[in-house]
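*Asks:* Here it is, the structure, as structure tokens.
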Ligand code: SF4
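Residue numbers (this note's numbering): 67 to 397.
See the structure below:
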């Protein structure tokens, strides 16, 4: 039902013109989330980062107790609201902050911290419903792990997918199992592939997180991750620079091993190389991380997000390039 509303929007004139304008997505040379949401909702849509009060099997002992090596005690959601507040209060709080900067009218409730499908079905249902019942919340984004998508969870997600705009985020980080072991992700790539297939059978959109700069990952390995994601039935990607967050096990590892971190110019070039290979149909939700200066140890240059985004725009322009320029369908 909701999908057909989207299709009719996609068929509409201004969107067609933008696409026909050839490989520019509004003001960008890559397929941004802003572009995608404007296409669907006709205006800018804002995400509200929520903490649903969940935990994670990689922390509570089911799979592990230390979590992914880079994960902070906030469960990889540095900007989400206070988990002690109700979902309604978190939503209101986030809207109030946004209102100081933007006159937004539509929001996506983003369950960000920890694993947001890791609870009994009735609890998940109640949390998602509460967020959706809020005026002007037009969609749900749910961050989770591939090993927390059992059939009953996917059935529940399918129900929500039929009544709202929804995507599921999976923190894959890399397709390489050796790197995933270093990160302590806790499951293999084959499980991710299996869950992607199951989610897509229910028409549920998937956003995958990838981290760039994992120790011992070469540029070729990062390209392999991008090429694999590009050929899968995946709708969005979040590209993160590896951040060393204070208090994490990655900080300890970094201080002991002093592995090489990516430099700013190197990262900008790498992102442009990656965008050129990425399937143009895939929406790019992020091209860098969102570190907080209070908790970030390195790389400090990443705090100047504006300059990174401008650097990417400038580099793509100087190459006369765009997302998907070198994407090749293998099937
Ligand atoms: S899956 Fe997410 S919340 Fe769990 S340990 Fe890894 S990064 Fe942290």
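Backbone N, C-alpha and C define an ideal beta-carbon position, used for all residues, glycine too.
#1: What does the Cβ neighbour count give for residue 91, buried or exposed, with the cut at 16 atoms within 10 Å?
#2: State the CB to CB distance for the pair residue 153 and residue 197, rounded to an integer number of angstroms; the pair is presumed to be in contact (CB under 8 Å).
#3: Going by alpha carbons, who is nearest to residue 389 out of 277, 348 and 363?
#4: I'd like to know if the stretch 233-241 and the stretch 251-270 are in contact, where contact means that at least 3 CB-CB pairs between them fall below 8 Å.
#5: Are there any heavy atoms of the ligand SF4 lying less than 7 Å away from the beta-carbon of residue 183, as far as the coordinates show?
#6: Give every residue of the same chain whose Cβ lies closer than 6 Å to the Cβ of residue 374, excluding the five residues on either side of it in the sequence, and list them in chain order.
#7: Of all the options 281, 138, 107 and 157, which has the alpha carbon lying nearest to the alpha carbon of residue 246?
#8: Secondary structure at residue 266, three-state DSSP: helix, strand or coil?
#9: Here's a check: name, in chain order, each residue in its chain whose Cβ is nearer than 6 Å to the Cβ of residue 381, leaving out the five neighbours to either side.
#10: Give me the Cβ distance between residue 340 and residue 308, rounded to the nearest whole Å; I'm assuming they're in contact under 8 Å.
#11: Between the Cα of residue 244 and those of 288, 260, 187 and 211, spot the shortest distance and give me the residue it belongs to.
#12: Could you tell me the alpha carbon to alpha carbon distance between residue 157 and residue 175, rounded to whole angstroms?
#13: Which of the three DSSP states, helix, strand or coil, is assigned to residue 335?
#14: Taking only three categories from DSSP, how would you classify residue 154?
#15: Taking only three categories from DSSP, how would you classify residue 168?
#16: What's the C-alpha gap between residue 267 and residue 324?
#17: Suppose the cutoff is 7 Å on Cβ atoms and the five residues either side in sequence are ignored; what does the same chain contact list for residue 122 look like?
#18: Have a look at the DSSP bridge pairing and note the partners of residue 235.
#19: My assumption, with CB atoms under 8 Å, is that residue 270 sits in contact with residue 232. Please give the rounded CB distance.
#20: With 16 as the cutoff for other CB atoms within 10 Å, does residue 376 come out buried or exposed?
#21: Could you tell me which of 312, 147, 300 and 192 sits nearest to residue 359, measuring between CA atoms?
#22: Could you spell out where the alpha helix (DSSP H) holding residue 352 opens and where it closes?
#23: Measuring only the C-alpha atoms, how far is residue 315 from residue 283?
*Replies:* Short version:
#1: buried
#2: 5 Å
#3: 348
#4: yes
#5: no
#6: 354
#7: Looking at the Cα atoms, 281 is the closest of the given residues.
#8: helix
#9: Excluding residues within five positions, the ones whose Cβ falls inside 6 Å are 334 and 338.
#10: Their Cβ separation, rounded to whole angstroms, is 14 Å, which puts residue 340 and residue 308 out of contact at 8 Å.
#11: 288
#12: Looking at the two C-alpha atoms, the distance is approximately 8 Å.
#13: Residue state, collapsed to three classes: helix.
#14: helix
#15: It is coil, neither helix nor strand.
#16: 44 Å
#17: 133, 141, 180, 181 and 184
#18: 209 and 273
#19: Between residue 232 and residue 270 the Cβ distance is about 7 Å, and since that is below 8 Å, they are a contact.
#20: Result: exposed.
#21: 312
#22: Element bounds for residue 352: not the alpha helix (DSSP H) but the beta strand (DSSP E), 349-352.
#23: 18 Å
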